[in-house]
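Novice:
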Amino acid sequence: MLAGELALGGADVVVLERRTGPLTESRASTLHARTMELLDQRGLLEELGTPPAGGPGHFGGTRLDLTTDSPYSGQWKVPQVRTEELLEGWATRLGARVVKGHRLTDLRTAPHTVEATAEAEPGPGGAASALRVRAAYVVGCDGESSTVRELAGFAFPGRDATRELLRADVADVEVPDRRFERHPGGLAISARGPGGVTRVMVHEYGAGVGREPGPPSFARVADTWRRVTGDDIGGGTPLWLNSFGDALRQAAQYRRGRILLAGDAAHHQMPVGGQALNLGLQDAANLGWKLAAEVRGTADPGLLDSYHAERHPAGRRVLDNIAAQALLLLGGSGTEQLRSLFGELLREPRVRAHLAGTIAGVDVRYAAGPGAHPLVGARVPYLRFGAGTDAAAGPGSTFAALRAG
Ligand SMILES: Cc1cc2nc3c(=O)[nH]c(=O)nc-3n(C[C@H](O)[C@H](O)[C@H](O)COP(=O)(O)OP(=O)(O)OC[C@H]3O[C@@H](n4cnc5c(N)ncnc54)[C@H](O)[C@@H]3O)c2cc1C
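Take 619 as the starting number for the sequence shown in my numbering and just add one per residue.
(1) Run the CB neighbour count on Asp882, radius 10 Å, all protein chains shown included, and call it buried at 16 or more, exposed below.
(2) Can you find the residues in the same chain that come closer than 6 Å, C-beta to C-beta, to Gly1012, ignoring five residues on each side of it along the sequence?
(3) Could you compute how far the alpha carbon of Arg810 sits from the alpha carbon of Leu945?
(4) Kindly identify the DSSP beta-bridge partner or partners of Lys695.
(5) Which of helix, strand or coil does DSSP assign to Val936?
(6) According to DSSP, what are the bridge partners of Glu799?
(7) Skipping 5 residues on each side, what residues in its chain have a beta carbon closer than 7 Å to that of Glu702?
(8) Using a 10 Å radius around the Cβ and a threshold of 16 neighbouring Cβ atoms, would you call Ser951 buried or exposed?
(9) Please confirm whether any heavy atom of ligand 1 lies closer than 7 Å to the CB of Thr648.
(10) Can you check which of these residues, Pro794, Ala728, Ala884, is closest to Phe772 by C-alpha distance?
(11) In terms of residue numbering, what span does the alpha helix (DSSP H) encompassing Pro919 cover?
(12) Do Leu905 and Leu878 have their C-beta atoms within less than 8 Å of each other?
(13) Just verifying my parser: in three-state terms, what is the DSSP assignment at Ala1011?
(14) Given this structure, state the Cα-to-Cα distance separating Arg983 from Gly853, to the nearest angstrom.
(15) Contact between the region 937-944 and the region 859-875 is defined here as three or more beta-carbon pairs at a separation below 8 Å; is this criterion met?
(16) I'd like to check one pair, Pro670 with Lys695: are the Cβ atoms closer than 8 Å?
(17) Could you check if Ala894 belongs to the surroundings of ligand 1, using beta carbon to heavy atom distance under 7 Å?
(18) Please find out if some non-hydrogen atom of ligand 1 comes closer than 7 Å to the beta-carbon of Gln698.
(19) How many whole angstroms separate the CB atoms of Ala974 and Asp683, which I take to be in contact at a CB cut-off of 8 Å?
(20) If you reduce the DSSP assignment to three classes, tell me which class His991 lands in.
(21) Tell me the rounded alpha-carbon separation between Val788 and Val827.
(22) By alpha-carbon positions, which one of Gly672, Val716, Leu783 ends up nearest to Val890?
(23) Are Gln887 and Ala894 touching if we call contact CB-CB under 8 Å?
(24) Give me the DSSP bridge partner(s) of Gly863.
(25) Buried or exposed, going by whether 16 or more other CB atoms sit within 10 Å of the CB of Glu912?
(26) So does Asn860 have its beta carbon nearer than 7 Å to some heavy atom of ligand 1?
(27) For the candidate residues Gly892, Val632, Thr686, whose alpha-carbon lies nearest to that of Arg968?
(28) When you compare each of Ala736, Arg700, Ser958, Thr638 to Arg726 by their alpha carbons, which one comes out closest?
(29) Thinking C-alpha only, which one of Phe836, Pro802, Val818, Ala837 is nearest Gly824?
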């Protein structure tokens, strides 16, 4: 996303990616309204088509209607691998160079440049040789264990996980669909997806966080599932195993000189409510045109710093929202009263609209300084141009008029 935005803004972009091919796991599957708007503003929805609607949303497991003023209200099901393919195709067409099979290992800053070293990844499809790139800026979009964040010494305060949700995609099992089902010992979710694969997610109250490195064993997931629900899935075939902790961290600064962070590199959160990927794409949309202007020499002083000033608080707000949802979802019997109070509040239209606006990402208001018009800092809403307006203003809508960036 960032490579596309930068290239659209006239910057020369190189993406160093350690993977040699596309993702093979399912990861994020939900696009929210604001992300759909951003894709529309770049003409990318025409290529994506209309994704299947994801049904009603939820807040910490309690049903939440996600209707907002966006034409893309609701949740849209797009596998992450498809989103990545769409954005890579777009960025490449705009001139960004994506260099795969190269793992960033070193960064050196000089007064006007940053030099990045990337080692060739071994194995089939891996690149033949190491690479050195000298750039005006480097942005770490390298995920939750960001090498850029580490090499550049960004502080990453927050807290470690104390609870976890175990997840498995399993073939050859028959279990009923469960939507946030609460049992005395924990929480169980299951849904049969395309191809007969069932995704199960389970949390056992008070169980803490697994100590094994890497993904949980299928035996642990199946044992936990049995203790919580009484059902046996141990005879199924695990296709993908994973666990999510409720750790919460955010880079103290999104910029240190010529090095910036975006996406999971800048914030680590539990993917409850499917906001993680959306938050990252929205960071990239905020940063792209500013950094491109800075590189072209047309940015006002302070423009690039407005990325941190705007996106850090926006990220903090989403992280707080995710933490509250994680507590409602994974808190044991001690949170029953809180859940029931939340259930009551969610029936209030203003509360519903407030939470839907945050999850959809459409209520972001960047601080615009004293005396600014109240609409300054808000997103451009979708408006159709009626008959009689100047056709040169754009082909039909505010979103279409933004396509050139
Ligand atoms: C297993 C799993 C399941 C998830 N499920 C969900 C979900 O259901 N819903 C949801 O909203 N979110 C989910 N997430 C989170 C979501 O996938 C992330 O928020 C999203 O991918 C963040 O995008 P990103 O581009 O910031 O980072 P990433 O997608 O992590 O991309 C980082 C990229 O950087 C590359 N990279 C890393 N280090 C280096 C290096 N040193 N040199 C070169 N390249 C490097 C990686 O190969 C990767 O391609 C899940 C995450 C994981 C790990």
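Cβ coordinates follow ideal geometry from the N, Cα and C atoms, glycine included.
Specialist: Put simply:
(1) It is buried - the Cβ of Asp882 has at least 16 other Cβ atoms within 10 Å.
(2) With a pLDDT of only 47 at Gly1012, under 50, the local geometry of the prediction cannot be trusted, and the value read off the model is given with reservation. If we look at Gly1012 and ignore the five residues flanking it on each side, its Cβ neighbours are Ala1018, Ala1019.
(3) Distance between the alpha carbons of Arg810 and Leu945: 26 Å.
(4) The partner list for Lys695 (beta bridge, DSSP) reads Thr648.
(5) If DSSP states are grouped into helix, strand and coil, Val936 belongs with the helices.
(6) According to DSSP, which records beta bridges pairwise, Glu799 is partnered with Ala806.
(7) Closer than 7 Å at the Cβ level, and outside the excluded window around Glu702, lie Pro640, Leu641.
(8) A residue is called buried once 16 or more other Cβ atoms fall within 10 Å of its Cβ, and Ser951, having fewer, is exposed.
(9) Yes, the Cβ of Thr648 comes within 7 Å of a heavy atom of ligand 1.
(10) Closest by alpha carbon: Ala884.
(11) No alpha helix (DSSP H) holds Pro919; DSSP gives it neither H nor E.
(12) Closer than 8 Å, so yes.
(13) Per-residue confidence for Ala1011 stands at a pLDDT of 49, beneath the threshold of 50, marking its modelled position as unreliable; the derived number appears in the next sentence. Three-state DSSP puts Ala1011 in a helix.
(14) Cα to Cα, the separation comes out at about 50 Å.
(15) For the pair of segments examined, the region 937-944 was found to touch the region 859-875: the number of CB pairs separated by less than 8 Å reaches three.
(16) In this structure, Pro670 lies closer than 8 Å to Lys695 by Cβ.
(17) Answer for Ala894: yes, Cβ within range of ligand 1.
(18) Gln698: yes, Cβ under 7 Å from ligand 1.
(19) Contact flag correct, Cβ pair sits at about 7 Å.
(20) Reduced to three states, the DSSP call for His991 is coil.
(21) In a straight line, the C-alpha of Val788 is about 22 Å away from that of Val827.
(22) Val890 has its Cα closest to that of Leu783, out of Gly672, Val716, Leu783.
(23) Less than 8 Å divides the Cβ of Gln887 from the Cβ of Ala894.
(24) Glu782.
(25) Buried: at least 16 other Cβ atoms inside 10 Å.
(26) At least one heavy atom of ligand 1 is nearer than 7 Å to the Cβ of Asn860, so yes.
(27) The shortest C-alpha separation from Arg968 is found at Thr686.
(28) When each option's Cα is compared against that of Arg726, the closest is Ala736.
(29) With distances taken between Cα atoms, Gly824 lies closest to Pro802.
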